[in-house]
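FYI, the numbering for the sequence shown is 95 to 431, going by our numbering.
Beneath this line is the structure, given in structure tokens, with notes to follow.
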Amino acid sequence: MCGRKFKVVLLFVLVTVLAIGVFSGQAANAQPKYKFFYVSHMGPADPNSNWFTVGMKRFEERYSDVSVEYLTPPSPTPRGQLQMLKTAIAMAPDGLIVSMTAPEMFDATLRDAIKKGIPVVAFNIADPRPEDERIPYLTYVGGDEYLTGYRLGKRYLELRGKPTKVAVFQFNPAHVGLEARAKGMKDAMKEVGVPTEKVALSPDAGESMSVMTSYLTANPEVDMVFAVTTYGEPWTVSVLKKLGKENEVDIIGVDASPTSLEGIKRGIIVAAQSQGFYLQAYLPLTILYMYSRYGLSPAADVLTGPIVIDKTNVDKFIEMVKGIFGEEIYNKLVAWR
């Protein structure tokens with residue numbers, strides 16, 4: 095079954111590439127005809143949003159008959175994202191690309207939009223419900239977040255052996271993707287008998303660091319922390335330094351962000367993962383374009399990750415990310431000073 099799905103998706107990609115080659119010249123001189131909106135939980139404070147700035151720009155350069163806007167709430171909450179979603183729908187776009195941070199909350203709004211003829215592609219976070227219950231979007235483009243936590247846990251065991259106790263620092267408990275990462279890590283550790291505890295935090299630095307300090311003080315046996323967001327990595331390091339535990343507790347991070355990559359390179363964190371952000375930025379736009387113009391859509395979800403990053407392959411990722419962002423922006427996005 096998996097092999098057949100792969101062949102179907104591969105066929106879609108090949109057809110897309112052929113169509114791009116044939117029709118991109120026509121689009122190059124056209125006026126904007128299609129309007130697509132990203133409605134994301136990743137705002138300017140999240141370094142991962144830079145992937146979408148770059149991807150959208152390159153897509154618009156190739157297809158001048160498409161205009162793209164990236165909408166995100168002031169704070170990364172599902173309720174704020176829902177409001178942005180309603181704002182986008184009111185502007186009657188030709189397609190929506192939505193990170194499904196709270197699919198049950200978004201369900202009625204998106205179903206109504208789809209009934210009105212607005213196609214939807216899920217990105218970064220899928221609706222985890224069974225296919226016959228989930229929001230009927232065209233496809234999902236992104237990583238498998240459960241596998242992110244699970245494979246990072248397994249890789250840690252290969253590199254460092256069994257920890258005594260693992261703390262999962264969850265900086266946005268309402269986010270279904272981050273919850274899936276936490277569960278994946280817990281299951282990986284459960285297989286080898288290592289206790290894991292999830293600590294509910296928030297996107298607020300001061301609030302989270304206070305809770306982290308109290309937790310680690312009360313649980314001195316914790317010797318590995320899984321920070322489920324990139325922005326949580328420097329907060330975790332700051333707390334560990336304050337407690338004098340920076341050499342006693344390992345950190346697993348996430349994403350191929352400059353902070354995570356340099357953290358691995360400098361020995362601050364053990365490993366992270368790539369979820370294929372550039373593909374998440376570019377491919378959903380391609381799918382909406384092909385659907386809007388030619389009626390083509392993939393027959394299965396498109397997984398772009400996870401790919402585990404550690405000291406064995408971090409240099410390749412640094413080279414790639416610098417090539418996309420440019421060295422100056424890359425260096426500005428590194429949290430370690």
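All C-beta atoms, glycine included, are put in the ideal place defined by N, C-alpha and C.
Here the alpha carbons of Gly255 and Met414 stand approximately 30 Å from one another.
Nearest in C-alpha terms to Val364, of all of Ala393, Glu291, Asn407, is Asn407.
A direct Cα-Cα distance of roughly 50 Å separates Lys259 from Met185. Contact between Asp159 and Lys127 is confirmed by a C-beta separation of about 4 Å, below the 8 Å threshold. Beta-bridge analysis with DSSP links Met318 to Val260, Asp344. When DSSP assignments are scanned along the region 334-398, the uninterrupted stretches of beta strand (DSSP E) that are 3 or more residues long and fall wholly within it turn out to be 344-346, 366-368. Taking all protein chains in view, the Cβ of Val286 is surrounded by fewer than 16 other Cβ atoms within 10 Å, so the residue is classified as exposed.
Contact holds between the region 261-277 and the region 232-243, because three or more Cβ pairs, one in each stretch, are under 8 Å apart. Bridge partners of Val402 according to DSSP: Gln367.
Counting along the chain, Phe153 sits inside the alpha helix (DSSP H) bounded by residues 143-156. Listed in chain order, the non-local C-beta contacts of Met283 below 7 Å within the same chain comprise Gly247, Val260, Thr290, local neighbours out to five positions each way being set aside. Per the coordinates, the alpha-carbon of Gly211 lies some 50 Å from the alpha-carbon of Leu253. For the region 170-206, the full-length beta strand (DSSP E) segments reaching 3 residues or more read 189-192 along the chain. Our two residues, Val262 and Asn218, have alpha carbons roughly 20 Å apart in a direct line. Closest option to Pro222, judged by alpha-carbon separation, among Arg173, Thr323, Leu355, Ser193: Ser193. Secondary structure at Val293: strand, using DSSP grouped into helix, strand and coil.
Exclusion of the five residues before and after His135 leaves Pro170, Gln175, Ser193, Thr195 as the residues of its chain whose Cβ lies within less than 6 Å of its Cβ. Three or more Cβ pairs closer than 8 Å define a contact, and the region 373-386 falls short of that threshold against the region 343-361.
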